[in-house]
Amino acid sequence: LPRLYSGMQPSADSLHAGNYIGALLQWKQLQTTHDALFSVVDMHAITVPQDPAELREKTRRTAAQYIAAGIDPENSTLYVQSHVPAHAELAWILNTITGFGEAGRMTQFKDKSKKQGADATSVGLFTYPVLMAADILLYQSEVVPVGDDQKQHVELTRDLATRFNARFGDTFTIPEPVIQKETARIYDLQNPGSKMSKSGESPAGILWLLDEPGAIKKKIMRAVTDDEAVVRFDRENKPGVSNLMTIFQVFSGRSLTEIEDAFAGRGYGDFKKELVELVVAEFSPIRERATALLDDPAELDRVLAGNAARASAIADTTLETVYDRIGFLRRV
Ligand code: TYM
Numbered sequence: 004l005p006r007l008y009s010g011m012q013p014s015a016d017s018l019h020a021g022n023y024i025g026a027l028l029q030w031k032q033l034q035t036t037h038d039a040l041f042s043v044v045d046m047h048a049i050t051v052p053q054d055p056a057e058l059r060e061k062t063r064r065t066a067a068q069y070i071a072a073g074i075d076p077e078n079s080t081l082y083v084q085s086h087v088p089a090h091a092e093l094a095w096i097l098n099t100i101t102g103f104g105e106a107g108r109m110t111q112f113k114d115k116s117k118k119q120g121a122d123a124t125s126v127g128l129f130t131y132p133v134l135m136a137a138d139i140l141l142y143q144s145e146v147v148p149v150g151d152d153q154k155q156h157v158e159l160t161r162d163l164a165t166r167f168n169a170r171f172g173d174t175f176t177i178p179e180p181v182i183q184k185e186t187a188r189i190y191d192l193q194n195p196g197s198k199m200s201k202s203g204e205s206p207a208g209i210l211w212l213l214d215e216p217g218a219i220k221k222k223i224m225r226a227v228t229d230d231e232a233v234v235r236f237d238r239e240n241k242p243g244v245s246n247l248m249t250i251f252q253v254f255s256g257r258s259l260t261e262i263e264d265a266f267a268g269r270g271y272g273d274f275k276k277e278l279v280e281l282v283v284a285e286f287s288p289i290r291e292r293a294t295a296l297l298d299d300p301a302e303l304d305r306v307l308a309g310n311a312a313r314a315s316a317i318a319d320t321t322l323e324t325v326y327d328r329i330g331f332l333r334r335v
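Pasting the structure below:
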């Protein structure tokens, strides 16, 4: 089976609708046709300040949500990044073949560092995409399912792999990003010009996977729309309604045209009410399963340890080859 790799940061108590629709739903499908690895990237999370006790908790919560959403830790390898030291080791090597300017052109870095200011921005945030390249390349991954915002990082990964192979001999598989066009970007409910993000400005704009039905209802009913009062997909002129329609489409399995027809001559109220029902029906069972898994953290930790051992076995083999190729004297 072709090897697949993806991951998410444990940077909030809950994943959000963008993570779920843009990534997790694809993972769930692709795990059946691929040899899949899914990591909780705690080493990426600390590129911005994290509270230690909270980070530990968020790491478990993220893993629990993967499983609750349908990732099978028996068939897929679901593990915590820092449990496999090879990630940090390969990242160091890749840092030495990455151009300073090349890393500086990553748009996510440019945006985040501009917001924070140069002194509050860690060097870790700068080399974050190189660590992501190490994640992917350690496992000789062929496919990397991500949302739109990670595409540039996967392209950097391809460049680094190609460069390493040219310099030191064929070592890495060149990975392909897999991006679901219609759902690659879910937008903030209050600010449909920006992507839904864990660090979003308005809490009312983010639909959390672990939200209670009441919270889901409140946020959807208050979601920003427009005054045309017609349910019609038009990303440019009706970003709020179009974003809600994308979510409706994914959870109902109905096409955009079917949705437009179903709500013709009806207002946004009816449309939003049905959307609330769809989102609650999708998220509630996941919330319940995640809560049950988190009630037994020892069992969850045991599952993660077993999966980390599986990941290490693959990663260590790649790292050994890399060390040999670049001329490190091996300890006898
Ligand atoms: P992260 O944790 O920011 O996001 C996890 C996944 O969710 C997708 N995503 C979205 N998709 C649609 N709409 C949105 N509003 C939205 N917000 C987030 C992201 O594209 C991503 O697929 N660097 C990565 C994690 C990572 C990784 C990797 C991914 C580390 N190593 C190796 C793939 C392979 C990140 O911060 O994702």
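Per full-length UniProt numbering, residue 4 is the first one in the sequence shown, and the count goes up by one each step. For each residue, glycine too, the CB sits at the ideal point set by N, CA and C.
Hey, how far is the Cα of N78 from the Cα of H37? 10 Å
Report yes if the CB atom of Q34 is closer than 8 Å to the CB atom of Q183, and no otherwise. no
Report the partner residues of V87 according to the DSSP bridge assignment. Answer by DSSP bridge pairing: none, since V87 is not bridged.
Are A48 and S14 touching if we call contact CB-CB under 8 Å? yes
Quick one: does the C-beta of I49 sit closer than 7 Å to a heavy atom of ligand 1? no
Measuring alpha carbon to alpha carbon, tell me which of V244, L297, L303 and S144 ends up nearest V181. S144
Less than 7 Å between C-beta atoms, sequence neighbours within five positions excluded: which residues of the same chain meet that for G73? K31
Taking only three categories from DSSP, how would you classify L170? For the record, residue 170 in the displayed sequence is Arg; it is not Leu. R170 falls in the helix class under three-state DSSP.
Assuming V234 and F266 make a contact with CB atoms under 8 Å, what is their CB distance in whole Å? 4 Å
Please report how far the alpha carbon of V44 lies from the alpha carbon of G217, in whole angstroms. 30 Å
Leaving out the 5 sequence neighbours to the left and right, which residues in its chain are closer than 6 Å to Y8 when beta-carbon positions are compared? L40, I139, Y142, S144 and V147
Per DSSP, which one or two residues make a beta bridge with R235? In DSSP, R235 forms no bridge with anything.
What does the alpha-carbon distance come out to for the pair E263 and D214? 27 Å
Compute the Euclidean distance between the alpha carbons of S205 and S197, then round it to the nearest angstrom. 11 Å
L81, DSSP secondary structure in three states: strand
Assign G25 to one of three DSSP states: helix, strand, or coil. helix
Considering only residues of the same chain and omitting the five flanking positions on each side of L163, which have a CB-CB separation below 7 Å? L97, I100, T101 and A136
Assigned secondary structure, Y190 (DSSP; H/G/I helix, E/B strand, else coil): strand
Is S245 near ligand 1, going by C-beta to nearest heavy atom under 7 Å? no
Taking only beta-carbon positions, decide if Y271 is within less than 8 Å of chain B. Of the protein chains in the structure, only one exists, and it is not chain B.
Would P195 and G243 qualify as a contact pair, given that the criterion is a beta-carbon distance under 8 Å? yes
Keeping to the same chain, check which residues put their C-beta closer than 8 Å to that of P178; ignore five residues upstream and five downstream. Y8, I139, L140, S144, E145, V146, V147, V157, T160, R161 and A164
Pop quiz: V282 and L210 are said to be a contact at Cβ under 8 Å. What is the actual Cβ separation, rounded to whole angstroms? 7 Å
Cβ neighbour criterion (16 or more within 10 Å) applied to E261: exposed
Shorter than 7 Å, the distance from the beta carbon of V44 to the closest heavy atom of ligand 1, or not? yes
Within this structure, are the beta carbons of D230 and G208 separated by less than 8 Å? no
Selection from P300, T130, V325 and L322 that minimises the alpha carbon distance to T62: P300
Option nearest T80 by Cα separation, candidates A312, G120, G330 and D114: A312
What separation, rounded to the nearest whole angstrom, lies between the Cα atoms of F129 and Q252? 37 Å
Which complete alpha helix (DSSP H) runs does the segment 4-62 hold, if anything under 4 residues is left out? 28-33 and 45-48
Taking 7 Å as the cut-off, is the beta-carbon of D152 closer than that to any non-hydrogen atom of ligand 1? yes
Following a CB-centred definition, is N22 positioned closer than 7 Å to any heavy atom of ligand 1? yes
Could you tell me which of I317, M11 and I70 sits nearest to P288, measuring between CA atoms? I70
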